[in-house]
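K.L.:
Just so we're aligned, residue 1 is where the sequence shown starts under full-length UniProt numbering, counting upward by one.
Where a beta carbon is used, it is the ideal one built from N, C-alpha and C, also for glycine.
This structure is a prediction, so every number in the text was calculated from the model and none was measured.
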Amino acid sequence: MTSTTSTTMTLAELAAHLSVTPQALYDLRSKGRGPRGFRVGRQLRFRPAEVEAWIAGLEAADGVRHRRRAGT
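(1) M1: buried (16+ other C-beta within 10 angstroms of its C-beta) or exposed?
(2) Report the three-state DSSP secondary structure of V51 (helix, strand or coil).
(3) Kindly identify the DSSP beta-bridge partner or partners of Q10.
(4) Is it buried or exposed for P35, if we count other Cβ within 10 angstroms and need 16 for buried?
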């Protein structure tokens, strides 16, 4: 069995990885725009694959938004 702690990140670890505050992640998640996570007790955990998918979605949306403006 693999260890959950080695395959997941805490909110603080994810915030540090992204160079944002934990509150910024809480705010994004409360608006439905943050990465998918799950709770272990009271602590949020994030799988690296989910975080990468979320970042890829942000990049794609940003690319579409900028392409639209450039063509206007």
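P.N.:
On the basis of the supplied data:
(1) Counting from 1 along the sequence shown, the entry for residue 1 is found at position 1. Caution is warranted here: a pLDDT of 47 is assigned to M1, below 50, making its placement in the model unreliable, and the coordinate value is therefore given only provisionally. Answer is exposed; the Cβ neighbour count stays below 16.
(2) Translated into positions along the sequence shown, residue 51 becomes position 51. Three-state DSSP puts V51 in a helix.
(3) The sequence position of residue 10 within the sequence shown is 10, counting from 1. Here residue 10 is Thr; the residue named in the question, Gln, does not match the sequence. Partner(s): R45.
(4) Looking up residue 35 in the sequence shown gives position 35. By the 10 Å Cβ count, P35 comes out buried.
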